[in-house]
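For reference, the structure is listed below as structure tokens.
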Amino acid sequence: METIITLIYLAFLFVMSVIAVILYASDKKKAKRGAWRTPEAVLLGFGFFGGAIGALFAMNTFRHKTKHWYFWVVNLLGLAWQIALPVLAYLYLFN
Numbered sequence: 001m002e003t004i005i006t007l008i009y010l011a012f013l014f015v016m017s018v019i020a021v022i023l024y025a026s027d028k029k030k031a032k033r034g035a036w037r038t039p040e041a042v043l044l045g046f047g048f049f050g051g052a053i054g055a056l057f058a059m060n061t062f063r064h065k066t067k068h069w070y071f072w073v074v075n076l077l078g079l080a081w082q083i084a085l086p087v088l089a090y091l092y093l094f095n
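FYI, in this note's numbering the residues of the sequence shown are 1 to 95.
Quick look at the structure:
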């Protein structure tokens, strides 16, 4: 049972991270063209609610939003809970 839950959780994080990378890349291209941009709340939301690894990867890869301190804080907080959740679940639910 815990293997299935773990796989579902990892699949969720993977999908959210891929979407975050796509959003950051798209927003960077739009910024260069002067086109309509992806709202910051969307970028931050995908990073915090499951895609922190992808968001941090995209920030560094595309050098996008790296000067905004709140992007670092929100994505790192998201990464912290995304790591802590399975650890705590394992310690308290599966032992």
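Here a beta-carbon is modelled for each residue, glycine too, at the ideal position from N, C-alpha and C.
Note that the structure is predicted; figures quoted are calculated from it, not measured.
So residue i and residue j are supposed to be a Cβ contact under 8 Å. How far apart are they, rounded?
{"i": "GLY54", "j": "VAL21", "result": "4 Å"}
{"i": "PHE57", "j": "GLY78", "result": "With a Cβ gap of about 13 Å, PHE57 and GLY78 do not count as contacting."}
Rounding to the nearest angstrom, what Cα-Cα distance links residue i and residue j in this structure?
{"i": "ILE8", "j": "LEU44", "result": "23 Å"}
{"i": "ASN140", "j": "ILE4", "result": "The requested residue 140 is not part of the displayed model; the chain covers only 1 to 95."}
{"i": "THR61", "j": "VAL18", "result": "13 Å"}
{"i": "ALA41", "j": "GLY34", "result": "19 Å"}
{"i": "PRO76", "j": "MET59", "result": "With the sequence shown as reference, residue 76 is identified as Leu, and Pro is not the correct amino acid for it. If I take the Cα positions, the gap works out to 12 Å."}
Taking the alpha-carbon of residue i as reference, which of the options has the nearest alpha-carbon?
{"i": "ARG63", "options": "LEU77, PHE12, PHE46 and SER26", "result": "SER26"}
{"i": "ALA80", "options": "LEU91, ALA52 and HIS68", "result": "ALA52"}
In three-state terms, what does DSSP make of residue i?
{"i": "PHE49", "result": "coil"}
{"i": "ALA35", "result": "coil"}
{"i": "ASN75", "result": "helix"}
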